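Participant: Please see the structure below; I have some questions.
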Amino acid sequence: MTAPIRIQGFTTEVLRWQPWLEGVALDSATPEQLAALDAMSPQARSSPYFLLLAHQPEILLQRSIAFNAIMFAPGGMPRAERELGATVESRLNGCVYCASVHAQRFQQLARRSDVIEQVFEEPGSAGTTPREQAIVRFSMRLAEKPDEVSAEDIRALREVGLAEQEILDLIHSVALFAWANRLMLNLGEPIFPEDSASEAAGA
Amino acid sequence: MTSAPTPSTPTDLIDRLIPLAPGRSTWQIRHERPKVVEATQGSYEALFSPAVEGLTVTERLLVALHACRIGRADAFGDHYRERLLAEDAEASLVDTVDRGEIASLRDPRLACLLGFTATLMRRPLDGDRAAVQALRDAGLSTPAIVALAQLVAFLSYQVRLAAGLKAMSDAEVAA
Numbered sequence: 117m118t119a120p121i122r123i124q125g126f127t128t129e130v131l132r133w134q135p136w137l138e139g140v141a142l143d144s145a146t147p148e149q150l151a152a153l154d155a156m157s158p159q160a161r162s163s164p165y166f167l168l169l170a171h172q173p174e175i176l177l178q179r180s181i182a183f184n185a186i187m188f189a190p191g192g193m194p195r196a197e198r199e200l201g202a203t204v205e206s207r208l209n210g211c212v213y214c215a216s217v218h219a220q221r222f223q224q225l226a227r228r229s230d231v232i233e234q235v236f237e238e239p240g241s242a243g244t245t246p247r248e249q250a251i252v253r254f255s256m257r258l259a260e261k262p263d264e265v266s267a268e269d270i271r272a273l274r275e276v277g278l279a280e281q282e283i284l285d286l287i288h289s290v291a292l293f294a295w296a297n298r299l300m301l302n303l304g305e306p307i308f309p310e311d312s313a314s315e316a317a318g319a
Numbered sequence: 002m003t004s005a006p007t008p009s010t011p012t013d014l015i016d017r018l019i020p021l022a023p024g025r026s027t028w029q030i031r032h033e034r035p036k037v038v039e040a041t042q043g044s045y046e047a048l049f050s051p052a053v054e055g056l057t058v059t060e061r062l063l064v065a066l067h068a069c070r071i072g073r074a075d076a077f078g079d080h081y082r083e084r085l086l087a088e089d090a091e092a093s094l095v096d097t098v099d100r101g102e103i104a105s106l107r108d109p110r111l112a113c114l115l116g117f118t119a120t121l122m123r124r125p126l127d128g129d130r131a132a133v134q135a136l137r138d139a140g141l142s143t144p145a146i147v148a149l150a151q152l153v154a155f156l157s158y159q160v161r162l163a164a165g166l167k168a169m170s171d172a173e174v175a176a
């Protein structure tokens, strides 16, 4: 296990997240709320974030289906690159929690951290290959100036070899994290390991 | 001449507003991810459902209109405006929100909702605990605050998804 990256306030450490509002209590959750949690992941029943979102079960259910289809569906863009798009969007929005989770997933899938360090340091110049640079650049355009994204931006992705299905998967991933970051940033806050040393270490 | 709606997605909002039609390659590629198409439409329908308590449908549509004007997503802004007028929302209120004149609103609850919306759309990092408390003080329940945050966050997704698909569609024509 290599040491976690800590650059510009971003990190690949495992963080926790604390909501500013009370989530649903599991023992009084309705069948609809439990179904929405289970559609997200087997761990969602113990996540303060998903228990908060369970206050609106139909909205959570639809979001869970979209999330899993965008990040995990087979074919199309390699999953590591979808995680890279998610990490770039999270870095630009300043969502330290999302950036940590998805940078770690990139590391697990790609078995390297070089581009994560670059994205944390300065996203504008990040990317270890022309393909990766194009992915990062497009992710930034869609994150920051969606109304200016044009056919030219799509052609730049094609020129480095992205197929149309891969381009769609990248659009989905960046757009999805425009959604996720806003929930994480506005309904609670990350907790760093040193803040929670007295609680379950390494949780 | 009218064309029949496609059987699989007769009312898909994003396909309709971009527009993307069956037979176009961008439509084809999009529909090779059918779960994403269905859950995107399903999210839109859930977020504006009358079954969501604590925020009126009109309040949610005003949030969407304001968000799309901030995001410069014209087709979506126009769509939410049409829905507001179809819901019999007060026309002068719709115009005020359409022009972004939030400071002149007389309803403090609505001003609070739209202020929260603007922060989330423009710079979500600026959102904080005090903003959530302001929503509570304006009378919103926890489920209503979750619905509002999900709505604005979803609109940020919808705007980017549509912008990306539109660019793909334009690149297809120019190829």
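Protein sequences appear in the order of chains A and B. Sequential numbering of the first sequence, starting at 117, is according to this note's numbering. Sequential numbering of the second sequence, starting at 2, is according to this note's numbering. Cβ coordinates follow ideal geometry from the N, Cα and C atoms, glycine included. No experiment lies behind these values; they were computed from the predicted model shown.
(1) How many Å lie between L142 of chain A and R179 of chain A at the Cα?
(2) Mind checking the region 155-173 of chain A against chain B and listing, in chain order, the residues whose C-beta falls within less than 8 Å of any C-beta there?
(3) Just verifying my parser: in three-state terms, what is the DSSP assignment at E102 of chain B?
(4) Can you find a heavy atom of the ligand ZN that lies under 7 Å from the Cβ of Q149 of chain A?
(5) Can you pull out the residues from the region 277-295 of chain A whose beta carbon lies closer than 7 Å to at least one beta carbon of chain B?
(6) Judging by CA-CA distance, which residue of A:A196, A:Q223, A:S206 is the nearest neighbour of A215 of chain A?
(7) Give me, in chain order, the residues of the same chain whose beta-carbon lies closer than 7 Å to that of D129 of chain B; leave out the 5 immediate sequence neighbours on both sides.
(8) Just checking: is the beta-carbon of A47 of chain B within a distance shorter than 8 Å of some beta-carbon in chain A?
(9) Can you check whether the C-beta of Q138 of chain A is within less than 8 Å of a C-beta belonging to chain B?
(10) Would you say V212 of chain A and T127 of chain A are within 8 Å of each other, going by their C-beta atoms?
(11) I'd like to know if R161 of chain B contacts chain A, where contact means its C-beta is closer than 8 Å to some C-beta of that chain.
(12) Between the region 133-148 of chain B and the region 161-177 of chain A, do three or more beta carbon pairs fall short of 8 Å?
(13) Does any residue of chain A have a CB that is nearer than 8 Å to the CB of Y81 of chain B?
(14) Could you have a look at F49 of chain B and say whether DSSP puts it in helix, strand or coil?
(15) Tell me whether R31 of chain B is buried or exposed, calling it buried when 16 or more other Cβ atoms sit within 10 Å of its Cβ.
(16) Could you run through the region 141-159 of chain B and flag, in chain order, every residue whose CB is less than 7 Å away from some CB of chain A?
(17) Which residue comes first and which comes last in the beta strand (DSSP E) that contains R31 of chain B?
(18) For L115 of chain B and L63 of chain B, which I take to be in contact (beta-carbon distance under 8 Å), what is that distance rounded to the nearest angstrom?
(19) Quick one: what does DSSP say Q172 of chain A is sitting in, helix, strand or coil?
(20) Cβ atoms of V98 of chain B and L86 of chain B: under 8 Å apart, would you say?
(21) What's the C-alpha gap between V37 of chain B and A112 of chain B?
(22) Could you check if A219 of chain A is buried or exposed, using at least 16 other CB atoms within 10 Å of its CB as the buried criterion?
(23) Output yes if chain B places a C-beta closer than 8 Å to the C-beta of S255 of chain A; else output no.
(24) Could you tell me whether the Cβ atoms of A272 of chain A and A250 of chain A are closer together than 8 Å?
(25) Return helix, strand or coil for R227 of chain A, following the three-state DSSP convention.
(26) Does V235 of chain A get closer than 8 Å to chain B when you measure Cβ to Cβ?
(27) Have a look at the DSSP bridge pairing and note the partners of G304 of chain A.
(28) Just checking my contact of L258 of chain A with A164 of chain B at CB under 8 Å: how many whole Å lie between their CB atoms?
(29) At least one CB of chain A closer than 8 Å to the CB of P125 of chain B: is that the case?
(30) Is DSSP giving T127 of chain A helix, strand or coil here?
(31) Indicate whether at least one CB of chain B lies closer than 8 Å to the CB of P147 of chain A.
(32) Measure the C-alpha to C-alpha separation of P125 of chain B and R298 of chain A and round it to an integer number of angstroms.
(33) Name, please, each residue of chain A whose Cβ falls closer than 9 Å to the Cβ of R107 of chain B.
(34) Using a Cβ cut-off of 8 Å (strictly closer), state whether S93 of chain B contacts chain A.
(35) Can you grab the Cα-Cα spacing for the pair P262 of chain A / V140 of chain A, in whole Å?
(36) Against chain A, does R17 of chain B count as a neighbour if the rule is that its beta carbon must be under 8 Å from one of theirs?
Facilitator: In short:
(1) Locating residue 142 of chain A in the first sequence gives position 26, where the first residue counts as 1. Locating residue 179 of chain A in the first sequence gives position 63, where the first residue counts as 1. Spanning the two alpha carbons is a distance of roughly 20 Å.
(2) L168, L169, H171, Q172
(3) Position 101 of the second sequence, counting from 1, holds the residue named residue 102 of chain B. Note: E102 of chain B maps to coil in three-state DSSP.
(4) Here there are no bound small molecules, and the ligand ZN is not part of this structure.
(5) E280, Q281, I283, L284, I287, H288, V290, A291, L292, A294, W295
(6) Residue mapping note: residue 215 of chain A aligns to position 99 of the first sequence, counting from 1. Ranking A:A196, A:Q223, A:S206 by Cα distance to A215 of chain A puts A:S206 first.
(7) Looking up residue 129 of chain B in the second sequence gives position 128. Hits under 7 Å: none found.
(8) The count along the second sequence starts at 1 and reaches residue 47 of chain B at position 46. By this cut-off, A47 of chain B is an interface position.
(9) Working through the first sequence from its first residue, we reach residue 138 of chain A at position 22. Checking the displayed sequence, the identity of residue 138 of chain A turns out to be Glu instead of Gln. So, interface residue.
(10) The count along the first sequence starts at 1 and reaches residue 212 of chain A at position 96. The count along the first sequence starts at 1 and reaches residue 127 of chain A at position 11. Yes.
(11) Numbered from 1 along the second sequence, position 160 holds the residue referred to as residue 161 of chain B. Answer yes: the Cβ-Cβ gap between R161 of chain B and chain A drops below 8 Å somewhere.
(12) Of all C-beta pairs linking the region 133-148 of chain B to the region 161-177 of chain A, three or more are shorter than 8 Å, placing the two stretches in contact.
(13) By 1-based counting over the second sequence, the position of residue 81 of chain B is 80. Not an interface residue.
(14) As a first step, residue 49 of chain B must be located in the second sequence, where it is residue number 48. Coil, per DSSP.
(15) Stepping through the second sequence from its first residue, residue 31 of chain B is reached at position 30. It counts as buried.
(16) Cβ contacts with chain A: T143, P144, I146, V147, A148, A150, Q151, V153, A154, F155, S157, Y158.
(17) One-based indexing of the second sequence puts residue 31 of chain B at position 30. No beta strand (DSSP E) contains R31 of chain B, which is instead part of the alpha helix (DSSP H) from 26-31.
(18) For the purposes of this step, residue 115 of chain B is identified with residue 114 of the second sequence, where counting begins at 1. For the purposes of this step, residue 63 of chain B is identified with residue 62 of the second sequence, where counting begins at 1. Indeed they touch by this definition, with Cβ atoms about 7 Å apart.
(19) Counting from 1 along the first sequence, the entry for residue 172 of chain A is found at position 56. In the structure shown, Q172 of chain A sits in coil (DSSP, three-state: anything other than H, G, I, E or B).
(20) Walking along the second sequence from the start, residue 86 of chain B turns up at place 85. Walking along the second sequence from the start, residue 98 of chain B turns up at place 97. For L86 of chain B and V98 of chain B, no; Cβs fall outside 8 Å.
(21) Locating residue 37 of chain B in the second sequence gives position 36, where the first residue counts as 1. Locating residue 112 of chain B in the second sequence gives position 111, where the first residue counts as 1. Near 33 Å, if we compare the C-alpha coordinates of A112 of chain B and V37 of chain B.
(22) By 1-based counting over the first sequence, the position of residue 219 of chain A is 103. The residue is buried, with at least 16 neighbouring Cβ atoms inside 10 Å.
(23) In the first sequence, counting from the first residue as 1, residue 255 of chain A sits at position 139. Not closer than 8 Å to any Cβ of chain B, the Cβ of S255 of chain A fails to qualify, so no.
(24) Taking the first sequence and counting its residues from 1, one reaches residue 272 of chain A at position 156. Taking the first sequence and counting its residues from 1, one reaches residue 250 of chain A at position 134. Cβ atoms of A272 of chain A and A250 of chain A: closer than 8 Å.
(25) Translated into the one-based positions of the first sequence, residue 227 of chain A becomes position 111. Collapsing the DSSP output to three states places R227 of chain A in coil.
(26) Taking the first sequence and counting its residues from 1, the one referred to as residue 235 of chain A is at position 119. Cβ-Cβ to chain B under 8 Å: no for V235 of chain A.
(27) Here residue 304 of chain A is taken as the residue at index 188 of the first sequence, counted from 1. Per DSSP, A:P135.
(28) Along the first sequence, read from residue 1 onward, the residue named residue 258 of chain A stands at position 142. Along the second sequence, read from residue 1 onward, the residue named residue 164 of chain B stands at position 163. Right, their Cβ atoms sit about 7 Å apart.
(29) Against the second sequence, residue 125 of chain B aligns to sequence position 124. Yes, its Cβ sits closer than 8 Å to a Cβ of chain A.
(30) On the first sequence, residue 127 of chain A is found 11 positions in, with the first residue counted as 1. Residue state, collapsed to three classes: strand.
(31) Indexing the first sequence from 1 puts residue 147 of chain A at position 31. Output row for P147 of chain A: interface = no.
(32) The residue labelled residue 125 of chain B in the question sits at position 124 within the second sequence. The residue labelled residue 298 of chain A in the question sits at position 182 within the first sequence. Cα-Cα distance, rounded: 6 Å.
(33) Taking the first residue of the second sequence as position 1, residue 107 of chain B is located at position 106. What R107 of chain B touches in chain A: nothing, since even the nearest Cβ is about 26 Å away.
(34) Position 92 of the second sequence, counted from the first residue, corresponds to residue 93 of chain B. So no, S93 of chain B is outside the interface.
(35) Along the first sequence, one-based indexing puts residue 262 of chain A at 146. Along the first sequence, one-based indexing puts residue 140 of chain A at 24. Each residue's Cα considered, the two are about 35 Å apart.
(36) The count along the second sequence starts at 1 and reaches residue 17 of chain B at position 16. With 8 Å as the cut-off, R17 of chain B does not count as an interface residue toward chain A.
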